[in-house]
Amino acid sequence: MSDAPPLATLLVIPTGVGCALGGYAGDGLPAARLLAAASGCLITHPNVMNGAALYWSDRRIHYVEGWALDRFAAAELALAPVAGRRVGLLLDAGIEPELRARQLQAAEACRATLGLAIGPVVTTDVPLGVGLSLGPSGTSWGSLERPDALLRAGEKLVKAGATAIAAVARFPEDPGSEALAAYRHGSGVDALAGAEAVISHLLVQHLGIPCAHAPALAPLPLDPDLDPRAAAEELGHTFLPCVLVGLSRAPDLVPLADDGSGRAIRWPVGPSRPGHGRPPAGALLEASSLGAVVAPAGALGGEAVLACARRGVPLIAVAGNACLLQVSGEALGLEVLTASSYAEAAGLVLALREGLDPGSLRRPLQRLELAPGG
Amino acid sequence: MRPSSASTRNKPVALLSHGPAGPEGGIIAAGLDPPAMDPPRPVLVPFCFWLPRTAGSSRPLDPPDPAALRSTIRAHLNDLGWADAQPLRWAITAVDPLRGLQLEGVGMRQDPTAQQRR
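Chains as they are written, first to last, in this note's numbering: chain A, 15 to 388; chain B, 104 to 221.
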């Protein structure tokens, strides 16, 4: 598409805020693929890429969990692409035996059919006790009764050689709930997403390696009116394959040197392991090299977007991706390039990559202004 | 992912024991050591509060500084009695001309044993 050098681009579609695009079962993936083609280098998070049994692997797309993505955007972490990694499997002791066997078979399938390096498997010593909740804004949040059990199991996996962790927790469910029906019919918030993010944030913050989460849920009865955006979650017995594929080539998380502010990240457990030294400078992706950030126009209040905007990274706000929130560039005092859709956003990214002023593509074209004293 | 509203019906199941690798070097279920003697547990703390707009920026319409907002959240959690808590996941979820910025999220009280375990 372009022979210009890649333009590192950050794509954020926040989890659990009801995004019309990307708020369901990996339905942000087509937008990610297009932006990867336009930019040549896309950094995004599991909520965008995970479609349960469906996934897409693209060397231009870097799969970075949300907590690490925030730290990357804040220039506290760099990303180091890897050829592959061993994904340990962390299972909640609260998963029933049959559902647990389904998770293990999904992992075995990814080994046998995709050639992924998976294992070992660790089960938490007590059920994690996932709780779901909605915040005052209507966005989904969640909690764990036993985060200590999650972190202990994660430590065990790291000690056993895992360089990434796929966590599977038993989530509460109510097949007859109105919220579930609304979600399956394409209106409503992903109520599981908040708790999923808490689980993966806890693991990454504690261990310093890529981690992502798939919920364990019983299959649902057939719904002939299922919305296409939710359909990927009804193809199989687990949501695990996309997580295993995404993690299998997720970049290393490299703490950047302490700048004297005392804010340099030090992992309690993870990167002290042998061989986890800092890669050569040219091999690292750093926030300072970001050329664009793309986010829904009403959801610009996340840490990664704010950090990029503060650094002057061009912020492309996609007005066509409505969500529950109305935290816009105007409300926050941020300068944005507005795109009506991800197709237009991809065009803007390509323009930036080619060194074109996006303003030259819009009409009216304002006259040059003389600077004061000019 | 799917929404849900019911309480969990989790039931603990027996832990997998150590197992030999299969012919292909199959997935090995690693056993877990018994939990330590009642170590301090990390605790998750949900929060939601309004921050007057000028508190996170020098002028009312200055873009918010995420580092300053993290400090503000830490201070809020401290006021709630969680002296060592850090924001784990947060966002500005509403902006109001009178009340300012709504900050919503989950904090975590750091595990005091984390450094000792290194």
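C-beta: ideal position from N, C-alpha, C; glycine also. Just so you know, these numbers come straight off a predicted model, no measurement behind them.
For Glu247/A, the CB contacts under 7 Å within the same chain, skipping 5 residues up- and downstream, are Ala39, Ala66, Phe253 in chain order. For the pair Leu158/A and Leu142/A, the CB atoms are nearer than the 8 Å cut-off. A contact between stretches requires three or more CB pairs, one per stretch, nearer than 8 Å, and the segment 204 to 213 of chain A fails this requirement with the segment 117 to 137 of chain A. Contact note: Asp168/B reaches chain A through Leu320, Arg324, using a C-beta cutoff of 8 Å and chain order. Boundaries around His76/A are those of the beta strand (DSSP E), 75 to 77, since no alpha helix (DSSP H) includes it. Secondary structure of Trp185/B (DSSP, three-state): coil. Unbroken beta strand (DSSP E) runs of no fewer than 3 residues, entirely contained in the segment 138 to 199 of chain A, are found at 144 to 148, 154 to 158, 178 to 184, following chain order. Buried is the label assigned to Gln117/A, since at least 16 other Cβ atoms lie within 10 Å of its Cβ. DSSP, read as helix, strand or coil, puts Cys322/A in helix. Annotated as proximal: Asp72/A and Arg47/A, with beta-carbon spacing under 8 Å.
By the CB criterion at 8 Å, Leu329/A and Val363/A fall outside the cutoff. When the five nearest sequence neighbours on each side are left out, the beta carbons in the same chain lying within less than 6 Å of the beta carbon of Ala196/A are those of Gly202, in order along the chain.
Excluding five sequence positions before and after Ala183/A, the CB atoms of its chain that fall closer than 7 Å to its own CB belong to Asp106, Leu142, Val144, Ile213, His227, Pro229, Ala230, given in chain order. Within the same chain, Leu25, Ile330, Ala359 come within 6 Å of Val308/A by CB-CB distance, once the 5 residues on both sides are set aside.
If the five residues before and after Leu261/A are omitted, its C-beta is found closer than 8 Å to the C-beta atoms of Tyr77, Arg99, Val101, Ala178, Ile179, Ala180, Pro224, Cys225, Ala226, all from its own chain and listed in chain order. When the five nearest sequence neighbours on each side are left out, the beta carbons in the same chain lying within less than 6 Å of the beta carbon of Ala211/A are those of Thr29, Gly80, in order along the chain. At least 8 Å separates the beta-carbon of Val209/B from that of Trp70/A. By the rule that beta-carbons nearer than 8 Å mark a contact, Pro155/B does not touch chain A. Leu91/A sits in a strand when the DSSP states are folded into three classes.
Counting along the chain, the unbroken alpha helix (DSSP H) around Ile213/A starts and ends at 207 to 221. Listed as beta-bridge partners of Ala197/B by DSSP are Gln205/B.
Around the beta-carbon of Gly388/A, fewer than 16 other beta-carbon atoms lie within 10 Å, marking it exposed. Taking 8 Å as the CB threshold, Trp185/B stays off the interface with chain A. Secondary structure note for Gly102/A: its beta strand (DSSP E) is the uninterrupted segment 101 to 105.
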